Amino acid sequence: MSDLGVILAAGIVFAVIGIIIGIAFYIFFSFTLFKLAQARNEEMPWLAWIPVAQMYLLGKMVKSVKISTFEIPMLEIVLPASMVVYFVLGGVSVLGTIISLAYYALSLLTLYTLYKQYLPDKAVAYTIISIFAVTIPFLLLKLSKMSPVESGESVGTDNNAQ
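All residue numbers for the sequence shown refer to my numbering, where the first residue is 152 and numbers rise by one.
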């Protein structure tokens, strides 16, 4: 077997392993989001298994995100729409990079707001940990076994938004 054949075979093996890990991560994330939605008595928790609908469900649980005086309302519409824009335009050179960063920031702010509903004192630490996406399902699983300490209405980075 030539060197090119060995490199190609190794690439295929790594691709298959990556796909298997990706599928396992997707299933675990969907399961934990489903459990969290069930624990919160959300309508249609099964939406956690559908990629864009996951963002709808997450947005429905969080409701809105506040950054100082700026508020992003109707997160159940904004999150799925931003995900679609990210998938469609994420590959465009400069614009795609900006959209990717904006979507990533919105996702982290949404997770921060969700964490703050359950563990206000640890929300920042959990958000920093969530920068590594592999940790998110574990954190959601922990939250699914807890009760929210805040109502979830307009909770965000503004301390006066109580």
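Just so it is clear, CB atoms sit at the ideal spot from N, CA and C, and this is done for glycine as well.
Since the structure is predicted, the reported quantities are computational estimates derived from the model, not experimental observations.
Going by Cα to Cα distance, which pick from the options is closest to residue i?
i	options	result
residue 221	260, 231 and 290	260
residue 291	181, 211 and 155	181
residue 215	239, 265 and 296	265
residue 262	239, 160, 237 and 226	226
residue 236	224, 197, 206 and 219	206
residue 224	242, 257 and 251	257
Given a cut-off of 8 Å on the beta-carbon distance, is the pair residue i and residue j in contact?
i	j	result
residue 234	residue 203	yes
residue 230	residue 247	no
residue 188	residue 212	yes
residue 300	residue 254	no
Report back the beta-carbon spacing between residue i and residue j to the nearest angstrom; my notes put them in contact at under 8 Å.
i	j	result
residue 274	residue 267	4 Å
Does the beta carbon of residue i fall short of 7 Å from some heavy atom of the ligand NAP?
i	result
residue 192	Within the structure as shown, the ligand NAP is missing, as the structure has no ligands at all.
Can you tell me which residues form a DSSP beta bridge with residue i?
i	result
residue 223	216
For this session: For the stretch 180 to 220, list the beta strand (DSSP E) runs that are entirely contained and at least 3 residues long, ordered along the chain.
Result: As far as the stretch 180 to 220 is concerned, its whole beta strand (DSSP E) runs of at least 3 residues are 216 to 218.
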